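Enquirer: Pasting in a structure now, in structure tokens, and then I'll have a few things to ask.
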Amino acid sequence: MLRPLVLSRLGYCEDSQVITDAKMRFKDFILRHKPIPPDLRGTVFALTCRFGADEELTQMRKLYESSDSSEIQRQCLQAIGRCPHTDVQNHALEFAISKNCRLQDNYLVFYGLTRTLAGQEKAWKFFRNNMNLLCDLFGSQDNGLFIHILKMSIMHHCSEEKAEDIQNFFEHRTVSPALTRPISQSLENINLNIKFLRNNASAIGAWLKEEGY
82 MLRPLVLSRL
92 GYCEDSQVIT
102 DAKMRFKDFI
112 LRHKPIPPDL
122 RGTVFALTCR
132 FGADEELTQM
142 RKLYESSDSS
152 EIQRQCLQAI
162 GRCPHTDVQN
172 HALEFAISKN
182 CRLQDNYLVF
192 YGLTRTLAGQ
202 EKAWKFFRNN
212 MNLLCDLFGS
222 QDNGLFIHIL
232 KMSIMHHCSE
242 EKAEDIQNFF
252 EHRTVSPALT
262 RPISQSLENI
272 NLNIKFLRNN
282 ASAIGAWLKE
292 EGY
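Throughout, our numbering is defined as the position within the sequence shown, counted from one, plus 81.
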């Protein structure tokens, strides 16, 4: 349990050795069918996409479509969302709502996307601009998967400006009663994020500077 957690944290802190190893393992997996230890596979996929480009996204999409393992498919979708490049994020979101992605799986792309600050902004903008499309895709605003995507697109933000933007958006929309509580919970989560940063940002920044980050 700890090994993939440590490696993923090192990778996201841009440890070059960990990133290079992840990319090599993924390349061997795709080209030479060399197995990746199951406990590391999700981390390898995620780091490959996080520090890759359109080529890795294409390979990950093909792997999702060709694999008969539901676990590998879920890991592919979570990884696809982690790429930081705007054009790749756009392609990932387009794939999430395409017929090539199973309806019960597309929330995983949003999950991966919201692991980064830029991805959180992209997810919210996509939801805001495509709420009706997503509603049609899932059948109604009451659908559990639709609600899950709504919450993921909102709850990770941490600024008062974003909280106000989100609140104003829903105040001017016709929403199902089923969304009242999820929206309220997500806005509450944003407020908790704001308070956490307000109370701890200076200390965290000082520690990171002291450690050379």
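Quick reminder that beta carbons are idealized off the backbone N, C-alpha and C, glycines included.
Quick caveat: nothing in here was measured; it's all calculated off a predicted structure.
What does a CB cutoff of less than 6 Å around residue 107 pick up in its chain, not counting 5 residues either side in sequence?
Expert: Correct list, in chain order: 125, 129.
Enquirer: Write down the C-beta distance between residue 228 and residue 215 rounded to the nearest angstrom, noting that I regard them as a contact closer than 8 Å.
Expert: Not really, about 11 Å apart at Cβ, beyond 8 Å.
Enquirer: Please report how far the alpha carbon of residue 155 lies from the alpha carbon of residue 239, in whole angstroms.
Expert: Each residue's alpha carbon lies about 27 Å from the other.
Enquirer: Tell me whether residue 142 is buried or exposed, calling it buried when 16 or more other Cβ atoms sit within 10 Å of its Cβ.
Expert: Label assigned to residue 142: buried.
Enquirer: Would residue 27 and residue 189 qualify as a contact pair, given that the criterion is a beta-carbon distance under 9 Å?
Expert: Any answer about residue 27 is impossible in this case: the structure gives the chain only from 82 up to 294.
Enquirer: Looking at residue 178 and residue 211, is the spacing between their C-beta atoms short of 9 Å?
Expert: Taking 9 Å as the Cβ cut-off, residue 211 and residue 178 qualify as a contacting pair.
Enquirer: Classify residue 105: buried if its beta carbon has 16 or more other beta carbons within 10 angstroms, exposed otherwise.
Expert: Under this definition residue 105 is an exposed residue.
Enquirer: According to the Cβ coordinates, are residue 122 and residue 153 closer than 9 Å?
Expert: Their beta carbons are under 9 Å apart, which means residue 122 touches residue 153 by this criterion.
Enquirer: Grouping DSSP H, G and I as helix and E and B as strand, with all else coil, what is residue 159?
Expert: Helix.
Enquirer: Can you tell me which of the three DSSP states residue 192 falls into?
Expert: Note: residue 192 maps to helix in three-state DSSP.
Enquirer: Quick one: is residue 163 buried, meaning 16 or more other Cβ sit within 10 Å of its Cβ, or exposed?
Expert: Result: buried.
Enquirer: Could you tell me whether the Cβ atoms of residue 271 and residue 236 are closer together than 9 Å?
Expert: Result yes, Cβ atoms of residue 271 and residue 236 sit closer than 9 Å.
Enquirer: Among 140, 187, 166, whose alpha-carbon lies nearest the alpha-carbon of residue 175?
Expert: Checking every option, the nearest Cα to that of residue 175 belongs to 187.
Enquirer: Which residues in the same chain have their Cβ closer than 8 Å to the Cβ of residue 268, if we skip the five residues on either side of it in sequence?
Expert: So the qualifying residues of the chain are 235, 244, 247, 248.
Enquirer: Mind checking residue 254: buried by the 16 CB within 10 Å criterion, or exposed?
Expert: Flag for residue 254 reads exposed.
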